[in-house]
Amino acid sequence: MNRLIVSIALFLYHSKRYKRAKQFARDLIFDQTNIYKKYFDLTIIFLVVTSVFILIYEVKHDVPKWLDNYDIYFVSIVFAIEYLLRLWVHNDLSVMIITEYNDAKFVGREFDAFAILRKGLYQKLQYIISPSAIVDLLAILPAYRPLRIFRVFILFRVFKLLRYTKSINQFVDVIANKRFELLTLLFLLLFIVFTAGVAIYILEADKNPHIKTLFDGIYWAVVTVATVGYGDIAPVTDIGRAISILIIISGIAMISFVTSVIVSAFSERLYEIKEHNIVKRLNKSRSFMVICGYGQLTKMFLRQDRKNIDNYVIMDNNLQRVIDAKRSGYVAIHDDASSYETMSRFDAEHNKITILALTASDVENIYIALNARSVSRKIRVIARVNDPENIDKFRHAGVDEILIPNIVANTMVYTAITQPTMYKAIHAILTGKGVANIDEIHVHQSHGIAGRAVKELQFKESKLLFIGIQRDKEFIFNPPSSEIIQPYDILLVMGRKISLEYFKSMHRGDINV
């Protein structure tokens, strides 16, 4: 029997079709990035809403036969399939069996297939008796209804919305995060209600015709502490009224405490939701920039080129700097860029991501670069170097471009003092405030400009000065006219803005504009 079980497990373990089917089901149910999950969730929500609508409609109307069949069979069958899929993907018995079989064979101990089966089935049983699985099961029961009582179970289908409605999930998460505070207040409330109920029952059971049992006293206490005041039961003695005053004050205090706890929890959660939405929006774009560190260099960069930067986010592990960035109108999140978990939230497989490590610490910038490289080699990393002696360390960390602001600033200051005319000209060109502008043209592999010679691009006819080519780590200054443009080259050209726009429009299908 052990051999038979292992043979079946091996067949499933090596079956690509089985693995693809199970992974597809798992992604469809749990993976928020799956393109089909949104439609799956909307379908379930639609089925729940229509099922409840039919239940409400049939209270005073006759439901058409086809609509009744839709509710009894189609909706219930879909829910049953979903329930079985969740049970199926909860764990993988074949993987558990093969793993245990290999471990037993390696250490030379006896392999017991039935023990692994019991363990796997026990895990599935734990899922079956979980609250969410019980709700899923009860949502199927209305299909078996010659008994009308099963119609009530349709209401359990509403609870399925907890899985598929994001706002409800977020509310449940908020309550769960504050469960200690809320449970403490709940026990205090139960103590107040029970004490007040017992007291009013003892004091007025023989004087108040409306209080005949202890339950009447508890009911009165609940209504009073909730400040509802139906008026069907009221104390008739002075001591009873005094107790009413005390529990009314207690009820107001309890409601205030609960409200403050929930509001504070939502305030904390709202910040996380906003940051999550920022990352989600960036992942939907084709390319974006993550600026690590909000210091003077970041402020200068954004002030210089803010209009040309559409998709970006500032990331800083200092909350006060994040607040300052938001006050200045920038998009910022409070997180650690050197954390793998943080950086892995960005979709590097489907987006062109540029990381700007602009913190004041070389060590932190190196960690950010290493972290970005561990997430994906496709991420482009530009890092600030404060100490020139650390340049080699940045190279070893995989940094694509290195910024040395101290040396650049010293060079520009020296040029401004010794050659002020040249400084003014260079400054005007770099800032775009002069007649001429410098621009980069990125060549991709699929672009038609790749494989063509420099002379074929006719820069002079477009009134442009061709300065050079950035190829890998090398810059080719004033290349010969026979030089062939390679994929991923960056062409550096200078000219008037109208000339640059004209050249880009002429080669719009050939270059990255």
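Count along the sequence shown starting at 1, add 8, and that's the number in this note's numbering.
The beta carbon of each residue, even a glycine, is placed where N, CA and C say it ideally should be.
Bridge partners - residue i, DSSP secondary structure assignment
i	result
Thr426	BP columns for Thr426 are empty, so no partner.
Asn445	Gly503
Arg405	The residue you asked about is not Arg; residue 405 is Ala in the sequence shown. In the DSSP output, where bridge partners are listed per residue, Ala405 has none listed.
Gly476	Phe485, Leu500
Ala461	Ile492
His98	The partner list for His98 (beta bridge, DSSP) is empty, contrary to what the question assumes.
CB of residue i within 7 angstroms of CB of residue j, strictly
i	j	result
Arg392	Leu411	yes
Ser384	Ala356	yes
Met502	Leu473	yes
Asp447	Leu364	no
Phe119	Tyr109	yes
Ala204	Ile247	no
Phe265	Leu193	yes
Ile361	Ile322	no
Asn319	Phe354	no
Leu93	Ala33	yes
Asp408	Val389	yes
Phe164	Val143	yes
Ala461	Ile498	no
Ile376	Ala345	yes
Asp332	Asp370	no
Val180	Ala273	no
Pro413	Leu305	yes
Asn445	Lys401	no
Gly303	Ala368	yes
Pro487	Ile477	yes
His218	Ile241	yes
The alpha helix (DSSP H) enclosing residue i, as first and last residue numbers
i	result
Val271	246-291
Leu411	Premise fails: Leu411 lies in the beta strand (DSSP E), 409-411, not in any alpha helix (DSSP H).
Ala391	Not the alpha helix (DSSP H): Ala391 falls in the beta strand (DSSP E), residues 388-392.
His342	It is not in any alpha helix (DSSP H) - His342 instead sits in the beta strand (DSSP E) that spans 340-342.
Phe56	What sits at residue 56 in the sequence shown is Val, not Phe. Start and end: 45-65.
Ile80	Run containing Ile80: none; DSSP gives neither H nor E here.
Thr221	Thr221 -> no alpha helix (DSSP H), and no H or E assigned at all.
Ala380	370-383
Arg335	327-335
Ser4	Residue 4 cannot be examined here, being either before or after the span of the chain that is shown, 9 to 521.
Gln466	Where Gln466 is concerned, there is no enclosing alpha helix (DSSP H), given that its DSSP letter is neither H nor E.
Gln40	Looking at the DSSP string, Gln40 is not in any alpha helix (DSSP H), and its letter there is neither H nor E.
Asn148	Per the sequence shown, residue 148 should be read as Ile rather than Asn. First-last of the alpha helix (DSSP H) with Ile148: 139-148.
Val166	Unbroken run through Val166: none, as it is neither H nor E.
Glu189	187-212
Arg11	10-22
Tyr136	One detail in the question is off: residue 136 reads as Ile in this sequence, not Tyr. 121-136 is the extent of the alpha helix (DSSP H) around Ile136.
Where the beta strand (DSSP E) containing residue i begins and where it ends
i	result
Lys481	From DSSP, Lys481 is part of no beta strand (DSSP E); its letter is neither H nor E.
Asp324	320-324
Val298	295-300
Lys360	360-365
Among the options, nearest to residue i - alpha-carbon criterion
i	options	result
Ile80	Leu101, Asn99, Thr58, Lys68	Thr58
Leu36	Asn10, Pro428, Trp96, Val14	Trp96
Val298	Asp332, Ala213, Met351, Met262	Met351
Gly301	His450, Glu482, Val330, His358	Val330
Lys481	Ser272, Gly406, Val271, Thr367	Gly406
Met9	Leu125, Pro413, Val201	Leu125
Tyr510	Ile255, Asn216, Val166, Lys471	Lys471
Phe223	Lys45, Val244, Val201, Lys215	Val201
Ser490	Gly459, Leu133, Lys30, Arg117	Gly459
Ile13	Lys24, Tyr348, Pro243, Ile106	Ile106
Leu500	Ile506, Met514, Phe467, Asp324	Phe467
Phe61	Phe48, Lys512, Tyr78	Tyr78
Asn185	Asp324, Leu327, Ile270	Ile270
Ile257	Ser268, Ala229, Arg277, Leu278	Ala229
Phe48	Leu196, Thr423, Glu90	Glu90
Lys292	Ile210, Thr41, Lys24	Thr41
Leu310	Asn325, Ile16, Arg479, Leu366	Leu366
Ile52	His450, Tyr26, Leu169, Ser15	Leu169
Met308	Ala433, Leu133, Ser336, Val83	Ser336
Pro243	Phe82, Ala213, Thr221	Ala213
Near the ligand MN: residue i beta-carbon under 6 angstroms from a heavy atom
i	result
Ala229	For the ligand MN, the structure offers nothing, since it holds no ligand at all.
Exercise for the section: Spell out a yes or no on whether the stretch 273-286 and the stretch 340-351 are touching, meaning 3 or more CB-CB pairs, one atom from each, closer than 8 angstroms. Expected result: yes
Exercise for the section: State whether the stretch 231-242 contacts the stretch 257-272, with contact taken as three or more CB pairs (one from each stretch) at a distance under 8 angstroms. Expected result: yes
Practice task
Could you tell me whether the stretch 98-106 touches the stretch 12-23, using the rule of 3 or more Cβ pairs below 8 angstroms?
Solution key: yes
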